[in-house]
Amino acid sequence: MRRPGGGLEEMFSLDGRVAVVTGGTGVLGGAVAAGLARAGARVGVLGRRRGRAEEVAAGLGAEGAEALALRADVLDEGQLRRAREELLGRWGRLDILVNAAGGNVPGAVLGSGEDVFRGLRVGAFREALDLNLLGTVLPSLVFGEAMASGGRAEGCIVNVSSMAALRPLTRVAGYSAAKAAVENFTRWLAVELSRRYGPGMRVNAVAPGFFLGEQNRGLLIGEDGNLTPRGRAVIEHTPMGRFGKPEELAGAVVWLCGPGASFVTGAVVPVDGGFSAFGGV
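Here full-length UniProt numbering is used: position 98 in the sequence shown is 98, and no number is missing along the way.
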């Protein structure tokens, strides 16, 4: 991994690097995959639906990037290992892992006015924990092993957390708890890898504020195109007064993965328009 010392462009360059993005078929994951590719990385787009992963990879290829569609469920270690071997067979190395897979589980959200003791479904809560926490832990172990092996011990893992980890969102129980655990795991793994394998192994996270995606659009934007009451509450508590754009998350990830962040590990970077800084008054 090249160290800072060249020009500004070099500090943000990912030329020669190989990355894999779990959840690369989603809105945010796809934007991150595109950002890494535009910075010069070859990118494995990993998702549960091969057809959708192939579409995203083809789109990157049309922009001149090298991209590979990988099919795997982030909760299936065997599928992850097969995807790792496919990627290594193509490019022979792995430098970057972005864990963007995850999301909310409807049953782990209390209905409006629903009582917590009757409405919180433990099975759905566990499903949210598995998807977001284990769906980060397992890829980190499988793909991180490839970075640490072979005497090179250089690589960067970036996990995707959420504002819900810092400020639990009303009614959103399982997802908030899972993302808080993702941040704790991020810091733990950063310490473990640096102490065991050296400073070339780094682990960080980004904590997005509110970006419009497939899962939350209906909660934030009404059928008439106007903000819902919850959407208005979000904007009122976001000093920049708008939702984030997917490419704005990608910019932070590119920085964390590049030489310009070579002394950054164990950090959780908010990308939230000031949401986490605002006290409400």
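Each residue gets a CB set at the ideal place from its N, CA and C atoms; glycine is no exception. The structure presented is a predicted model; accordingly, all values stated were derived computationally and were not measured.
Can you have a look at residue 177 and say buried or exposed, based on whether 16 or more other CB atoms are within 10 angstroms of its CB? buried
Flag this pair as touching only if the stretch 52 to 65 and the stretch 243 to 260 have three or more C-beta atom pairs under 8 Å; answer yes or no. no
Return the chain-ordered list of same chain residues with a C-beta closer than 6 Å to the C-beta of residue 97, the five sequence neighbours on each side being excluded. 20, 143, 157
So, with DSSP's three-state summary, where would you put residue 30? helix
Kindly list the residues whose CB is nearer than 6 Å to the CB of residue 212, restricted to its own chain and excluding five residues on each side of it in sequence; keep chain order. 243
Reference residue 75, options 62, 29, 227, 127, closest by Cα: 127
Thinking just about the alpha-carbon of each residue, which of 47, 187, 198 is nearest to the one in residue 148? 198
When burial is assigned at 16 or more other CB atoms within 10 Å of the CB, is residue 188 buried or exposed? exposed
So what does residue 96 bridge to, in DSSP terms? 19, 156
Residue 244 in three-state terms, based on DSSP: strand
CB residue 65 to CB residue 54, shorter than 8 Å? no
Using the three-state DSSP reduction, which class does residue 251 fall into: helix, strand or coil? helix
Selection from 31, 123, 101 that minimises the alpha carbon distance to residue 107: 123
Could you tell me if residue 78 is buried or exposed, where buried requires 16 or more neighbouring beta carbons within 10 angstroms of its beta carbon? exposed
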